[in-house]
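*Asks:*
Residue numbers (my numbering), protein chains in the order written: chain A, 1 to 376; chain B, 377 to 752.
(1) How should residue 195 of chain A be labelled, buried or exposed, when 16 other C-beta atoms within 10 angstroms of its C-beta is the threshold for buried?
(2) Is it true that the stretch 240–256 of chain A meets the stretch 202–211 of chain A, where meeting means three or more beta-carbon pairs spaced less than 8 Å apart?
(3) Starting from the beta carbon of residue 38 of chain A, find every residue of chain B whose beta carbon is closer than 7 Å, and list them in chain order.
(4) At 7 Å on the CB atoms, spell out the chain B contacts of residue 295 of chain A, in chain order.
(5) Give me whichever residues DSSP pairs with residue 691 of chain B in a beta bridge.
(6) Which residue comes first and which comes last in the alpha helix (DSSP H) that contains residue 116 of chain A?
(7) In this structure, what does DSSP give as the bridge partners for residue 343 of chain A?
(8) Would the stretch 707–714 of chain B count as touching the stretch 679–697 of chain B if we require 3 or more Cβ pairs under 8 Å?
(9) By a C-beta neighbour count over all protein chains shown, 10 Å radius and 16 as the cutoff for buried, is residue 269 of chain A buried or exposed?
(10) Once the 5 residues before and after residue 14 of chain A are set aside, which same chain residues still bring their CB inside 6 Å of it?
(11) On the three-state DSSP scale, how would you describe residue 212 of chain A?
(12) Assign residue 366 of chain A to one of three DSSP states: helix, strand, or coil.
(13) Quick one: measure Cβ to Cβ for residue 453 of chain B and residue 444 of chain B, integer angstroms, because I've assumed they're closer than 8 Å.
(14) I need the straight-line Cα distance from residue 95 of chain A to residue 114 of chain A, nearest angstrom please.
(15) Are at least three pairs of beta-carbons, each pair with one atom in the stretch 271–285 of chain A and one in the stretch 294–310 of chain A, less than 8 Å apart?
(16) Along the chain, where does the alpha helix (DSSP H) that runs through residue 68 of chain A open and close?
(17) Just tell me which of B:650, B:552, B:707 and B:584 has its CA closest to the CA of residue 686 of chain B.
(18) Can you give the Cα-Cα distance for residue 291 of chain A and residue 349 of chain A, rounded to whole angstroms?
(19) Use the C-beta contact count for residue 740 of chain B: other C-beta atoms within 10 angstroms, 16 or more gives buried, fewer gives exposed.
(20) Taking the CB atoms as reference points, tell me whether residue 34 of chain A and residue 27 of chain A lie closer together than 9 Å.
(21) How big is the Cα-Cα spacing for residue 719 of chain B and residue 692 of chain B?
(22) Pull the bridge partners of residue 615 of chain B from the DSSP assignment, please.
(23) Under 9 Å, Cβ to Cβ, is there at least one residue of chain A near residue 565 of chain B?
(24) Got a sec, what are the start and stop residues for the alpha helix (DSSP H) residue 98 of chain A sits in?
(25) Taking DSSP's pairing of strands, which residues face residue 91 of chain A in a bridge?
(26) Please report how far the alpha carbon of residue 378 of chain A lies from the alpha carbon of residue 433 of chain B, in whole angstroms.
(27) Report the rounded CA-to-CA distance for residue 665 of chain B versus residue 605 of chain B, giving the unit in angstroms.
(28) To the nearest angstrom, how far is it from the Cα of residue 39 of chain A to the Cα of residue 218 of chain A?
(29) For the ligand PLP, is there any heavy atom lying closer than 8 Å to the beta carbon of residue 584 of chain B?
(30) Do you know how far the Cα of residue 401 of chain B is from the Cα of residue 377 of chain B?
(31) Is residue 37 of chain A helix, strand or coil by DSSP?
(32) So residue 326 of chain A contacts chain B; which residues on that side make the cut at Cβ distance below 9 Å?
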């Protein structure tokens, strides 16, 4: 595994859900929070989809979803599944035949809402197929695709405010409708997602749902936008849910390259010390006290750290007097000054060098430290 | 005001603090959450600092802080304060004379820890000066600058784990030490910040503090890093605090241009519907179903929306069938398809146009809508 779970006193307790498995990857039951994404490639193009899955896996993605909107896409699934280093989840909207084809192709999960298939015979066929293949089903309800509220005859339709106020309950109710269909067929390998663009709504709905079912939760914010704004909205929404202990697998949705979704997901998990991939960098904002080009220095260090997979913490501080002390939680660090700089480890200065040798001296110190650790 | 407070049912209640004022800007007491930043310019260079303050104000910054590390910086303050459209807070570390010079220069706030000045006569002089000028004092304690734990003779020093477990309490205790000095001098125009790079620690400390004092809280995550990672860490940490109702003013700390700090702060506030500046954009992630270049389309719309200050919501969806319905919460939207696209308002399709005219048709619809709204 690339990533490790951090044990951390004081972290709020996680909700322990009934675990399910996409292939070798466990979701829920106290397993590390799983990072997933979705291909933006045309599923019919198996080589392009395979290349995107490889890039996602390289970035740390652990489960990948592909859209299966038609038979041509379903026909490409065997090749995609065969070549994929990750479990593949087939995303299906209404057509139960596509679900059956996906199961035959060996996918590791289905994303479908059984209520959308309608015909009970067809639903039974799909659910029995999933059970036979040991394949979990993810139910997903988004605020935008809720069914309309039924208004009894002679009654006034609800106002916009009333509709808005009942949204969390209606999201949960829609998900529970699908859950009941699965439970009625004695199927329990279920994951549920409730998503909206609206962060407080997403949180309210997930809290309600978590109290009512034992299943793992897939969390995310839908249609969050282009990478910059979408990253912030996702970090706020997913961050709050995870901090409350809710969420067994995470998908960040961005209008852009799905590889960026994976990078953002890990950074959210890192911010809460839930998982880590590679080095963590601390760097202070520049201020009127800074006598070194801190932004350039921080970027250089970031660049140099790219090859390292160990979960070390590295600080880049603007001030030799306060820097090493303020960053004493860091494993390694540098602090710039007037032409000179200090390299430190756990707050202790280990070397003072000219500013232009600072990054090099830091990297040498890190490599010494990591080599020593590997020897032990 | 550029920004407006959103009233929103279901939003968790905010902690109501004792309000203080930096110039015309109220912090706490139920006022809108104030966005602030800090100049990275050399304070001694008044024109450069003035230019940076103007750029920050343009981005929506409402209070600006400048470092005052020496007499030359203090000497530049009168010119900076005179030219600033924003209240100016002087950041002072130890030297009480710099605080007195800043007060004479007409600054609207001080950031200093009275305990760091040590000599009670000097502390009294500064605090009386602040009171006479009607200037609040922000106390700030960071995890990195905590005083060492005193070990009684004959006792073993605490282990690293013990030190870590008591960090939230020690941060609060350090802040309360400074608070007691101010209260002892009958000074109550106080704002407090407790910050760390560590998000769960920052949250734990702020929760503890909020229960013990009536003062407004300045919230942020220190040394969060370069813009990409720092933005995510800040969004998670500040987002959780604000969602819990904690925080009267926000500073995002990034190693980079402070204007970016302001943009990120507003995006965090927007994600929680606490404040809004300009349009909000919803856009779906591309998937194997998308038949339009959604990323390009979304970027074009983002570009075109830049001139608009109204807090409208605009959706850019990949699919004509589901898009308008899924984004019915949006005021305006477009959905792409095979060469053609739809313009919609509140989920109703109002026009179908060739794909290359989609953005233009959307902007025309928005301008019509806004013009109509202004007429009323």
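Using N, Cα and C, we set each Cβ at its ideal position, and we do this for glycine too. Remember, predicted model here, so these are calculated numbers, not experimental data.
*Replies:* This is what the structure gives:
(1) buried
(2) yes
(3) What residue 38 of chain A touches in chain B: 661 and 663.
(4) In chain order: 631 and 632.
(5) B:658 and B:709
(6) Per DSSP, residue 116 of chain A belongs to the alpha helix (DSSP H) from 114–117.
(7) A:334 and A:351
(8) yes
(9) buried
(10) 245
(11) coil
(12) helix
(13) Sure, about 7 Å apart at Cβ, within 8 Å.
(14) Rounded to whole angstroms, the separation of the alpha carbons of residue 114 of chain A and residue 95 of chain A is 10 Å.
(15) Cβ pair count under 8 Å is three or more, so yes.
(16) First-last for residue 68 of chain A: undefined, no H or E at that position.
(17) B:707
(18) 19 Å
(19) exposed
(20) yes
(21) Those two C-alpha atoms are separated by around 10 Å.
(22) The partner list for residue 615 of chain B (beta bridge, DSSP) is empty, contrary to what the question assumes.
(23) No, residue 565 of chain B does not count as interfacial toward chain A.
(24) 96–104
(25) Answer is A:67 and A:111, bridged to residue 91 of chain A.
(26) Examination of residue 378 of chain A is not possible in this model, given that chain A is present from 1 through 376 alone.
(27) Counting only the Cα atoms, residue 605 of chain B lies some 31 Å from residue 665 of chain B.
(28) 17 Å
(29) For the structure depicted, the ligand PLP is absent and the ligand set is empty, with no information on it obtainable.
(30) Interpretation of residue 377 of chain B is limited by its pLDDT of 29, a score under 50 that renders its predicted location unreliable; no figure is taken from the coordinates.
(31) strand
(32) 518, 519, 520, 521, 598 and 599
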